[in-house]
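Going by my numbering, the residue at position 93 of the sequence shown is 96; the numbering climbs one at a time, nothing skipped. Inspection log for the structure reproduced underneath, given as structure tokens.
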Amino acid sequence: LVPTYTVLFMFFLVLSGGWLFVAERKHNTLLRLRAAPLSDTQILAGKWLPCLALSLFQGWFLFLGGQWLFGMHWGSQPLYVLGALTATSFAAVGLTVFVASLARTETQVSVYGTLLVLILGGLSGALMPRDLMPEQMRTISLLTPPAWSLEAILHAITEPEPDRLRIGRACGVLLAFGLVFTLLARWRMDLRS
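This is the structure:
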């Protein structure tokens, strides 16, 4: 329960991060930043890094809470879990800036973000275990970042000797998702307006 909800909540960062971007556009903060000798990439990184820190804190906090409140075990290799949570944060923040690059109002962030995260959660196994899904849906679920996150985290927690390559592959896919989303946001985002 804790791993699946943690992953889902980490992707709900899309809402708060998206609202931040919209508010900055609305209050012309981005215009003021453009007056500084900063590149668009540096401005985007300045928004991206605090979101990453928030996501990391949220993931680690929920896992520590799960351990403390429910006695959840982190598996034989807790560093694998931390690595998977970090890669999940990277993907979630990439998705956050991508949604923020598409939305122009707080309402759009709410609608796009909520629908997207719930659809990803449903497809990925965060709302219903992938083992209960038909084979075709299990394959389709691998098109979603939360499925790869759950693949890494659940494998690290449940296997006595977790496969480092399996977890590494899942983390690599998450990092690729995060990079692609961030590059799409950078391409799509008009930081000059």
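Don't be surprised by glycine CBs; every beta carbon is placed ideally from N, CA and C.
Out of curiosity, what's the CA-to-CA distance linking residue i and residue j?
i, j, result
"Leu-82", "Ala-38", "42 Å"
"Met-140", "Trp-151", "14 Å"
"Gln-61", "Val-96", "12 Å"
"Ser-196", "Leu-34", "Because Ser-196 carries a pLDDT of 46, less than 50, the predicted location of this residue cannot be relied on, and the following value inherits that uncertainty. If I take the Cα positions, the gap works out to 7 Å."
"Ile-160", "Pro-40", "46 Å"
"Leu-18", "Phe-93", "16 Å"
"Glu-109", "Leu-4", "30 Å"
Does the beta-carbon of residue i have 16 or more other beta-carbons within 10 angstroms, so that it is buried, or is it exposed?
i, result
"Lys-29", "exposed"
"Ser-79", "exposed"
"Ile-122", "exposed"
"Phe-73", "exposed"
"Gly-68", "exposed"
"Leu-88", "buried"
"Phe-64", "exposed"
"Val-114", "exposed"
"Ser-42", "exposed"
Determine whether the beta carbon atoms of residue i and residue j lie at a separation below 8 Å.
i, j, result
"Gly-3", "Val-112", "Given a span of 4 to 196 for the chain in the structure shown, any question on residue 3 remains unanswerable."
"Leu-153", "Gly-128", "yes"
"Pro-148", "Leu-126", "no"
"Arg-191", "Leu-47", "no"
"Phe-184", "Leu-98", "yes"
For the alpha helix (DSSP H) holding residue i, just list the boundary residues, first then last.
i, result
"Pro-40", "Run containing Pro-40: none; DSSP gives neither H nor E here."
Could you check whether the Cβ of residue i sits closer than 7 Å to any heavy atom belonging to the ligand GDP?
i, result
"Arg-37", "The ligand GDP is absent from the structure shown, which contains no ligands of any kind."
### Query
Can you find at least 3 beta carbon pairs, one from the region 127 to 145 and one from the region 162 to 172, that sit closer than 8 Å?
The region 127 to 145 is not in contact with the region 162 to 172.
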